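In the order they appear, the protein sequences are chains P and L.
Position 14 of the first sequence, counting from 1, maps to 14 under UniProt numbering, and the rest follow consecutively.
Position 10 of the second sequence, counting from 1, maps to 10 under UniProt numbering, and the rest follow consecutively.
For each residue, glycine too, the CB sits at the ideal point set by N, CA and C.
The structure displayed is predicted, hence computed values, not measured ones.
The block underneath contains the structure these notes are about, expressed in structure tokens.
Number of protein chains: 2
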Amino acid sequence: MNSDFTLAIHSLTYLALQLDHMSTSDAISESACVHPVRIRKVLSLLKKHGFIVSKEGIGGGFIFSKDASEVNLWDIYRITSDGALQPKCPDSNEDCVVGANMQKVLFSIFIGAEQHLGQYLKNYTIKDIVDLVNQKNQLC
Amino acid sequence: MNSDFTLAIHSLTYLALQLDHMSTSDAISESACVHPVRIRKVLSLLKKHGFIVSKEGIGGGFIFSKDASEVNLWDIYRITSDGALQPKCPDSNEDCVVGANMQKVLFSIFIGAEQHLGQYLKNYTIKDIVDLVNQKNQLC
DNA sequence: TGTACTGTAATATTAATTGTTACAGATAGG
DNA sequence: CCTATCTGTAACAATTAATATTACAGTACA
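And the structure:
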């Protein structure tokens, strides 16, 4: 799985703790240790789906436009990583009973796996993540 | 996810249809359209876990040593792809509340996700895959 | 009108996956 | 006991995917 999914979670969690002002991609990238352009790419997806709002120019940046408890990890997964579970297997041999049909069989199984994963991810909202982060932080 | 998992499934399904004789890595690789050395690598893992038996030399190869209904996809996943769901995110910024704790929080969530996925994969045995492949084949 | 942002494309770099070559060791059969 | 055919692995090459970087247009504010 590429890390756009975790980057999106990271960014939203960050924003959920900065509700009073906009955060720049530079600030978020410093927290996540990735290039600011990547943050902007991922956040532009989240923006298209209405989870955040952005503003260009001085004082601009990104800010949460929903309540953190309204956004769950499955929402984010579908935006950033839909189909990522599906392994990219090579086209197999059409002259072999196994090769000719395996791909379709596995495809449908992985579709099911992703939906099943969704049931799990739906249980976690960004608010939950914020709480877990705070919780871990107090232990240090 | 790398495709060792699907390769293992492909190979075992192939073997499940060739119970009367040993199959060479060449034969399996032809069905799966990958290099025979990769087949040998993956199958050596399955051998270590007792799912198959191998024999070197003339007339050698691989053969199933269990009943296809005794091996499920979760068994195979753990052997070939354990931890594959875990995204490899960069170490994040320790000076930031989010950065410092996110990694641990996400780690435990992905552990849970993998276990949840396991519940789904347990529902499919190699026998089920064989049946599905045969079923698809009859439609053509 | 200059400065500080986002948005996005194009390119470069790095890392992961896969393929290839090479060869030691096992085994059956002549 | 010698040769052909297989597995088992390691080392290396090639390919592909992920990520970083650079560049620049567009927007907003002061």
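Residue i (DSSP reduced to helix, strand or coil)
i	result
F51 of chain P	coil
S25 of chain P	helix
N72 of chain P	strand
D95 of chain L	coil
residue 148 of chain L	An answer regarding residue 148 of chain L cannot be provided, because it is not within the stretch 1 to 140 covered by chain L.
V34 of chain P	coil
Q18 of chain P	coil
G112 of chain L	helix
S3 of chain P	coil
A8 of chain L	helix
residue 142 of chain L	Any question about residue 142 of chain L goes unanswered here, given that chain L covers just 1 to 140.
Q119 of chain L	helix
K88 of chain L	coil
I39 of chain L	helix
I58 of chain P	coil
Rounded distance between the beta-carbons of residue j and residue i, thought under 8 Å
i	j	result
R40 of chain P	L7 of chain P	With a Cβ gap of about 11 Å, R40 of chain P and L7 of chain P do not count as contacting.
K136 of chain P	N93 of chain L	Not quite, the Cβ-Cβ distance comes to about 15 Å (not below 8 Å), so this is no contact.
V98 of chain P	S31 of chain L	5 Å
E56 of chain L	L85 of chain L	Between L85 of chain L and E56 of chain L the Cβ distance is about 35 Å, and since that is not below 8 Å, they are no contact.
L45 of chain L	I79 of chain L	5 Å
L43 of chain L	S11 of chain L	6 Å
L117 of chain P	H35 of chain L	About 31 Å; that fails the 8 Å criterion.
W74 of chain L	L17 of chain L	That belief does not hold up - the Cβ atoms of W74 of chain L and L17 of chain L are roughly 22 Å apart, past 8 Å.
K88 of chain L	S3 of chain P	7 Å
V71 of chain P	T125 of chain P	6 Å
I63 of chain P	L15 of chain P	6 Å
M22 of chain L	G50 of chain L	17 Å between Cβ atoms; not a contact.
I129 of chain P	T24 of chain P	With 8 Å as the limit, I129 of chain P and T24 of chain P do not qualify as a contact, their Cβ atoms being about 21 Å apart.
Residue-level contact to chain P via CB, residue i, 8 Å cutoff
i	result
S69 of chain L	no
residue 142 of chain L	Nothing in the structure corresponds to residue 142 of chain L, since chain L is present only between 1 and 140.
I9 of chain L	yes
S44 of chain L	no
S92 of chain L	yes
Contacts that residue i makes with chain P (C-beta to C-beta distance below 9 Å)
i	result
N72 of chain L	What N72 of chain L touches in chain P: nothing, since even the nearest Cβ is about 12 Å away.
8 Å Cβ cutoff, residue i in contact with chain L
i	result
E30 of chain P	yes
K104 of chain P	yes
V98 of chain P	yes
T80 of chain P	no
Listed by chain order, chain L residues near residue i by CB distance under 7 Å
i	result
K136 of chain P	N101, K104, V105
H21 of chain P	What H21 of chain P touches in chain L: nothing, since even the nearest Cβ is about 16 Å away.
I109 of chain P	Y124
Identified DSSP bridge partners for residue i
i	result
F64 of chain L	L:I52
T125 of chain L	L:N72
Interface residues of chain L facing residue i [CB-CB closer than 8 Å]
i	result
K88 of chain P	S3
V133 of chain P	V97, V98, N101, M102, V105
A113 of chain P	L117, Y120, L121
Residue i: contacting residues in chain P (beta-carbon distance under 7 Å)
i	result
I129 of chain L	V105
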